[in-house]
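Numbering (full-length UniProt numbering), first residue to last: 1 to 1059.
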């Protein structure tokens, strides 16, 4: 059951303010104020057992604002008064006694204590921690061990000396040096120290060994020495490793594994340290018993002591040079070149067949024809003309440019276009072209003109244009026809007879083609000199160019929107909302009174904490230190970056990389970084090396590279290992031990990586004396050094490509395609017959017709217009899009919709569409309006709307009709003629549509600022009751409490009484 009480203390005095605001006082003189409260419409349920006055805030779901809600039930004090003192942390209890506020203690209520999860406050305001909890907030948990330790006042476990661990049950004795006990009680020896007292010293090698738990050095298998850095692998036989890790091989055995067996010869040689037999100079063979002297050049002795001459060299001293040609010749036993019949040249590569007559082959294999004979067989006869021509290499007569005839004696200059010289040198002009260079173009028009003998167009009287197709009659005055037949009116005159006069304004307007003045956007008046920019919304410019803003909009562009709040504020002339004192927010609806301390109201009416105060109650005080720290949002002091320690006095700068500061502010270096600045990076290799104290990588002997993982053994002679561990042999030495000797010949050969002599490319044959250059593609050299071209390729480089067609042609010996008569193209597949006239076949077999001739026989005549059209392949005239007529000179753009161009190029719009693009849609109304030529609806005077169906008469003053025909009265004017004047009050009232002022209850007066409510509690209660009954619609019924002064109104679920 909902129970609502309105009970008032006899000593409480209420004053009715505007709206539903009540100001409560303690005395009848209205001097000691209790508070100002909103009591409606956010009345809350009151529990009568509380019997105290209380105010709280409640957030409304309707407007998302906080409202003060007053519980108006008061305790009746009998001859005693209790005034709460919140400034000194005091309030009145249910018995009327002044007591401390919650969480405040002491005789002066100045000791604040808030209980925590693990603690409570005693009567003096001191926080008492529960068992096992410590610290200022009782947030430190610590369990006291049964022995050898205790918890201090901060909740930190303190173990007895030599005891460690979370229960102080780990016993560890710190050695006198070289070690310590960690927090878990485990003995930690310093690096290189071992044993139960950390007194055994052993240095762990970088690799191949370790120190055992007793501090004894243990080397890995095959490693020796005090640093385990001597590597020696005991061979399976013929050798052993001594105590220093040095390999000692048995007699006659050599190499890193004693696996190379070598017996020293009796003379002319010896075995080297790797067990390789080294013969003396000029001696060869497995026992150094074969003698051979290397020639000065072009040959060498092989490993068996046999003399080997270089390719193309012969003789007992390899001093006879002869290059065997790829084909058609050979070198004889004396090194002399012998060419086959019909082949010539130093490589026998020149082929020449003596013709039966009129020529011969010279010593170089070049065909020499007799005078006046030409061709590959000297069979073509041609006599050079005296001048203006010559015979080419094939014996064909070639005349100079502009000369023709069998002796090149006829002179004719081909024009750039529109004509040509025939085979006899006669100039032939194309149709419609005239003059000595065919450069004058003239097409006889179908009517109204003709071309004269010089190719000049002569139009009939009143006809103009390049085709005499434009008809123009000169007006009697104010205009003339130009050379194109276009009517040109004098300045300020318009229309088809130049009889419409219009003066263009100096700026902001122009005269259209009909002579009508058109002002630019935002300009008005008979001279287009009134400027007014219509805002994008909330306003418009009237016919005189004056800006009119809509209601609630202000500013020079009507862009400032401001709605007058119902109360506590108003909009100024610029559209800025001005709230009354103590009111805030976008509607001046947020009420906020600055509290006495540590808080204030911001611009939105929200309570904010003062400087150095934090927390949801602004009761956390925190002063930001001058440096190295700050206060967070909860009022807790936080330390700045690079400062550490419980007093924020430990300064440590974390390096850019490779290091960090620990919680005590000590700088710690990352692994693999060294040096005083931690900027030396060194990664210890998995084996065969280590990093020294300066971060420099030191590799073991015979190991190289950035990871010491490159193994290289320096040979005893003829080579060395570079810094990357790569074996570098001396010149002329090869192999994994640099023990393979090979001398690179001066030409046509080289030594490979194993020291084996290899012949150069392009040399072939069992003696490497056959020279053949492999073409880039389409051919190869066979094993005998003969060039073999791929199918369809020809020439000495196999670079002439010719595909023999299936028919109608063949490839000649030079790889040139020769097509049969009337066949053309790269495959002789195009058949073309030269027409009798007006055309010819080109080299691809495509029929090329003369200008203005078309069709498969060049017998279709069509003249291409100067522009906007062309003749198709069949000789039919095709006009470009948007052009029409027999000369494609009629321009008409077909609109996307609602219109079309007819065959004469005239635009025809669909019904109800207008404009040059038929895109202006206008429906002529049945009455009171019409559509103009531009498709704009023109309504009769006093008629408005999209169909001119809205009738509106402008009032004499204080209003106007808008574009829709709606009457718009000026501000503060109302009525059918805008003749009713009414000023809307700032609050508590409004003007109705007829211009009459209506005040909100209980206000009255011309400004709705006079309250009809009384200041007595009974009058205020009656007012609240009327509002409540009006809201709840409670019916009348008898009162059931005889001891009260009842109002005869009640409800089965609601009782309302007054005391």
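Glycine included, every Cβ here is placed at the ideal spot set by N, Cα and C.
Would you report the Cα separation of residue i and residue j, rounded to the nearest angstrom?
i	j	result
residue 196	residue 184	17 Å
residue 852	residue 864	7 Å
residue 192	residue 202	5 Å
residue 1061	residue 951	Outside the displayed range of the chain (1 to 1059) lies residue 1061, so it cannot be described from this structure.
residue 1005	residue 982	13 Å
residue 181	residue 145	20 Å
residue 104	residue 598	18 Å
residue 483	residue 421	36 Å
residue 164	residue 673	33 Å
residue 926	residue 913	17 Å
residue 917	residue 882	13 Å
residue 175	residue 200	12 Å
residue 744	residue 750	5 Å
residue 1	residue 114	Because the pLDDT of residue 1 is 20, which lies under 50, any placement of that residue in the model is unreliable, and the question is left without a value.
residue 443	residue 465	12 Å
residue 274	residue 259	9 Å
residue 432	residue 449	14 Å
residue 57	residue 541	For residue 57, the predicted structure reports a pLDDT of 40, less than 50, and the residue's modelled location is therefore unreliable. The matter cannot be settled from this model.
residue 726	residue 700	15 Å
residue 404	residue 824	26 Å
residue 549	residue 522	16 Å
Where do the ends of the beta strand (DSSP E) carrying residue i lie?
i	result
residue 301	299 to 301
residue 690	689 to 691
residue 360	359 to 361
residue 532	It is not in any beta strand (DSSP E) - residue 532 carries neither H nor E in the DSSP assignment.
residue 352	Where residue 352 is concerned, there is no enclosing beta strand (DSSP E), given that its DSSP letter is neither H nor E.
residue 697	697 to 699
residue 518	517 to 519
residue 578	577 to 579
residue 968	967 to 969
residue 99	98 to 100
residue 908	907 to 909
residue 91	90 to 92
residue 488	487 to 489
residue 132	Counting along the chain, residue 132 falls outside any beta strand (DSSP E), and DSSP gives it neither H nor E.
residue 258	Element bounds for residue 258: n/a, residue is neither H nor E.
Under 9 Å, Cβ to Cβ, is there at least one residue of chain C near residue i?
i	result
residue 274	Among the chains in the structure shown there is no chain C, since it carries only a single protein chain.
Look at the Cβ atom of residue i, then the Cβ atom of residue j, and state whether they are nearer than 9 Å.
i	j	result
residue 283	residue 291	yes
residue 665	residue 651	yes
residue 773	residue 787	yes
residue 858	residue 869	no
residue 297	residue 322	no
residue 230	residue 248	no
residue 381	residue 771	no
residue 574	residue 590	no
residue 156	residue 170	no
residue 1061	residue 705	Look at the range of the chain in this structure, 1 to 1059, and you will see that residue 1061 is not part of it.
residue 352	residue 365	yes
With 16 other CB atoms within 10 Å as the buried threshold, where does residue i fall?
i	result
residue 302	exposed
residue 476	exposed
residue 471	exposed
residue 526	exposed
residue 88	exposed
residue 371	exposed
residue 263	exposed
residue 814	exposed
residue 740	buried
residue 324	buried
residue 1010	exposed
residue 350	buried
Query raised in the report: Which runs of the alpha helix (DSSP H), 4 residues or longer, sit entirely within the region 537 to 563?
Result: none
Query - Complete alpha helix (DSSP H) runs within the region 791 to 859 (minimum length 4 residues, chain order) - result: none
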